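Under this note's numbering, think of the first position of the sequence shown as 399, with each following residue one higher. Just so it is clear, CB atoms sit at the ideal spot from N, CA and C, and this is done for glycine as well. Fair warning: this is a prediction, and the values are worked out from it, not measured in the lab. Heads up: the structure comes next, in structure tokens.
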Amino acid sequence: MTVDPAKTTHHTTHDGHEFHFCSAGCRAKFVADPAKYLTPAAPEPVKPGVIYTCPMHPEVRQIGPGACPKCGMALEPEDATAGAGPNPEIADFTHRFVVGAVLTVPLFVMEMGSHLLGLHIPLPHGWSGWVQFALATPVVLWAGWPFIARGWTSVRTWNLNMFTLIALGTLVAWGFSTASVVAPDLIPDAFKDMHGQPPLYFEAAAVIVTLVLLGQLLELRARERTSGAIRALLDLAPKQALRIRLDGTDEEIAVEHIAVGDRLRVRPGEKVPVDGRLIEGRASLDESLVTGESLPVTKQVGDDLIAGSLNATGGFVMEAEKVGADTLLNQIAALVAKAQRSRAPIQRLADRVSAWFVPAVVLAAVAAFIVWSVIGPEPRLAYALVAAVSVLIIACPCALGLATPISIMVGVGRGAQAGILIRDAEALETFASVDTVVVDKTGTLTEGRPALTAVQPAPGFDEAELLRLAAAVERASEHPIARAITEGASARGITPAAAEDFDSPVGRGALGLVEGRRVLIGSVGFLKDEDVDASGLSAPADALRADGATVVIVAVDGAPAGLLAVADPVKATTAEAVAALHAEGVRILMLTGDNETTARAIAARLNIDEVRADVSPADKAAVVEALKAEGRRVAMAGDGVNDAPALAAADVGVAMGAGSDAAIESAGVTLLSGDLNGIVRARRLSRATVCNIRQNLGFAFGYNALGVPLAAGVLYPAFGLLLSPMIAALAMSLSSVSVISNALRLKGVRL
């Protein structure tokens, strides 16, 4: 594939190879050594060209699996479907763990059995050290090779991490023991016991490697569970579908073979295979697995269908409109995966600590060695070596690094299951502190499908003529009110004329030429700007607005022609959502371009705190900015093109799933159901996730604050206790598993 270098971003891997990625988001790429990355050495084959990234450092990207050059963690595929097969890292580590455990058990029994179990394995004089060497060396140098390799990479690139400490600790223990066996006379007397023999730490080095392998396996399996939400979404779509041939017969095909325009039959109990439109029949669909809403939705001819929806009753025929990566399910999965890899602002704290953490631990280990070698009991240097190795092993920064990203991954996945799409980690974190929710009216508080309820012509016009001229202009508009007017005309059997020179100033109205006559439709203010005085229609318009209707004025050739009233019913769940937000101390402000009388009638019905009416799109954004200037944390909810500036200006923009693409692109959170209750659920999810992150950070900081001094031997003077390197390795592994396990609790949080 040819790539324009001017339109690519450049990345260099830790081994000096270059990658170029298209700035538009495509997967065009080229590498200095393609064969190396397109055929990675792994037990299981991977898709050629699959991009892998690090959950802790999403800026790290390479083709094929491997280890992160910064933290050493196993990379994960950006595309969730690419990781659906066996995890090569788990397969490799399982093999190494089994071999390591088989060799470590007899080694442990040989060295520690007499102390713990009263066991003694008789060996010829001088054989014990060599047998231990033979058993421990494959464990340290083969089973533990991934740790040594990652530790060396960390030193070479100066990205010190947990594997720096593990490699240093195990190699020091194994190297000292090997020297004690091969050349015992070279070991200083200060290291030797009362019998003049140097101590051996083969069992400690082997046990450490085996326990770290076990911890890595538990961590990898737990990390696989965090991406389960993406795979669960992708699994919603069926694998097979019934396509209708040209002769009317059915054929069963794989979903990936469906093309746009294919006619598909969906029987009761089956799932919708791709996004499309119902063209024959009628059905009740359960969309809860996609939108999070439990109530079935009745679908008729012309209605949109979402892949993965379950057909509860009634067979129907649909036309495929979006297939493959273009379906809503696949777009959701891509958005969730991207959000899971993003970094929350709270992560900066862990980043700052990690920058100096490993060097500080190495210095602490050196300090412990020096103190023990100077004032410790005999053999001083042996005790000093144990303390230094224990400090290196226990002070693993992995739990600290995982604390934030693992909670984000699980939280974003939980949101997707509830129909809440989080664009990035910052939006998820920020939502927890939101104290003001600004809501648009049409399509957010209301159904967004208003209906024409009244037509009042001015003197000189009749109802049919007024509606015919208005519908001619409005049928070129995508606004919900325009749709209500055109549908109202159609229901009355009126055929609109053709309009020319159509224009629709955003948030103000519409105008055009109909049969040579200039037709204006909009508010009094819009008509006034067009030099039309419609003040004579104010009284009847106010009467209609008092009932909650939206009123537009029609002018023809510069003279008022009449009123059109459109009513948009409030969503059944809106009052419940407003009450729930009030109960959590959130202030609600309605921001609408509608008339103030209509807006206040709806606000009073819903007990909304504040109303701003007759607001232009630019003014909506200004209101949001003003609220932020007052120190408020603002979430803006809307669904129209005119809401996009305000959504972008808010601390968190919330788009309704049925809204415009511009609104969704401008928002940090998208509610697939279009239900305001989603804001309540999103805020609860945000607060639960932030709380979980703080718990993880607190645990990680507390673990290291307590573990390092214990490993250094602060309890020895008072209690005679010195932490074994093996216990340090077990505690280090459990710390990471504990952080992940705590994050996984978010999968069950009630929203």
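Is it buried or exposed for residue i, if we count other Cβ within 10 angstroms and need 16 for buried?
i: L1113; result: exposed
i: Q614; result: buried
i: H493; result: exposed
i: F428; result: Confidence is the limiting factor: at F428 the pLDDT is only 30, short of 50, which leaves the residue's position unreliable and the question unanswerable from this model.
i: D899; result: exposed
i: G580; result: Note that residue 580 is Val in the sequence shown here, rather than Gly. By the neighbour-count rule (16 or more Cβ atoms within 10 Å), V580 is not buried but exposed.
i: A491; result: The residue you asked about is not Ala; residue 491 is Phe in the sequence shown. Its Cβ being crowded by 16 or more others within 10 Å, F491 is buried.
i: N1005; result: exposed
i: G1051; result: buried
i: R915; result: exposed
i: E654; result: exposed
i: D724; result: exposed
i: L826; result: buried
i: A422; result: With a pLDDT of only 35 at A422, under the threshold of 50, the placement of this residue in the model should not be trusted, and no figure is reported.
i: A956; result: It is worth fixing the name first, because residue 956 is Gly in this sequence and not Ala. It counts as exposed.
i: A652; result: exposed
i: T696; result: exposed
i: G1178; result: The shown model of the chain, from 399 to 1149, leaves out residue 1178, and the question about it has no answer.
i: E649; result: exposed
i: T972; result: buried
i: D945; result: exposed
i: S933; result: exposed
i: S1134; result: buried
i: A583; result: According to the sequence displayed, residue 583 carries Asp and not Ala. By the neighbour-count rule (16 or more Cβ atoms within 10 Å), D583 is not buried but exposed.
i: V1137; result: buried
i: E487; result: buried
i: K468; result: buried
i: L683; result: buried
i: W1172; result: This structure leaves residue 1172 out entirely; the chain is present only between 399 and 1149.
Does the Cβ-Cβ distance between residue i and residue j come in under 9 angstroms?
i: K673; j: L640; result: According to the sequence provided, residue 673 is Asp. The question's Lys does not apply to it. Not a contact, by the Cβ cut-off of 9 angstroms.
i: A852; j: A963; result: yes
i: A1086; j: G809; result: yes
i: A718; j: V658; result: yes
i: L865; j: R890; result: yes
i: I1000; j: K839; result: yes
i: L761; j: L563; result: no
i: R665; j: N728; result: no
i: L533; j: A602; result: no
i: A1033; j: V835; result: yes
i: A1129; j: G1105; result: yes
i: E617; j: N485; result: no
i: V922; j: S902; result: no
i: E668; j: P694; result: no
i: T828; j: K969; result: no
When DSSP builds the beta bridges, which residues end up paired with residue i?
i: N709; result: L683
i: Y450; result: Q460, P475
i: V836; result: L987, M1034
i: Q854; result: L961
i: G542; result: In DSSP, G542 forms no bridge with anything.
i: F714; result: V664, G679
i: L563; result: According to DSSP, L563 bridges with nothing at all.
i: V756; result: Per DSSP, none; premise fails for V756.
i: A639; result: I651
i: L1069; result: I818, M1054
Give every residue of the same chain whose Cβ lies closer than 8 angstroms to the Cβ of residue i, excluding the five residues on either side of it in the sequence, and list them in chain order.
i: V450; result: In the sequence as displayed, the identity of residue 450 is Tyr instead of Val. R459, Q460, I461, G462, P463, G464, L473, E474, P475, E476, listed in sequence order.
i: R778; result: A588, W770, S771, V772
i: V715; result: I642, R661, L662, R663, V664, L676, I677, E678, G679
i: V976; result: I986, L1004, N1005, I1006, L1074
Cutting at 7 angstroms between CB atoms, please list the residues of its own chain near residue i, excluding the five before and the five after it.
i: G1111; result: A766, W770, A785, L1120
i: E861; result: V853, P855
i: F531; result: T576, V579, F600
i: L1149; result: A816, R1079, R1082, L1083
i: V871; result: A897, F900, A908, L909, G910, V912, V917, I919
i: I892; result: A862, L865, R866, A869
i: K1145; result: V808, R812
Go through its chain and collect everything with a Cβ distance to residue i's Cβ below 6 angstroms, but skip five positions before and after it.
i: D541; result: The amino acid occupying residue 541 in the given sequence is Ala; Asp does not appear at that position. Closer than 6 angstroms at Cβ, skipping near neighbours: R494, V497, G498, V607.
i: A1098; result: A797, L798, A801
i: F1117; result: none
i: L1095; result: A801
Within the present structure, is the beta-carbon of residue i separated from the nearest heavy atom of the ligand MN by less than 8 angstroms?
i: R1079; result: Of the ligands one can find in the structure shown there are none, so the ligand MN has no counterpart to examine.
With a threshold of 9 angstroms between beta-carbons, can residue i be considered close to chain C, or not?
i: L1113; result: Of the protein chains in this structure there is only one, and it is not chain C.
Where in the region 886 to 972 do unbroken runs of the beta strand (DSSP E), each at least 3 residues long, occur, reported from the N-terminal end onward? 897 to 901, 907 to 912, 915 to 920, 948 to 954, 957 to 965
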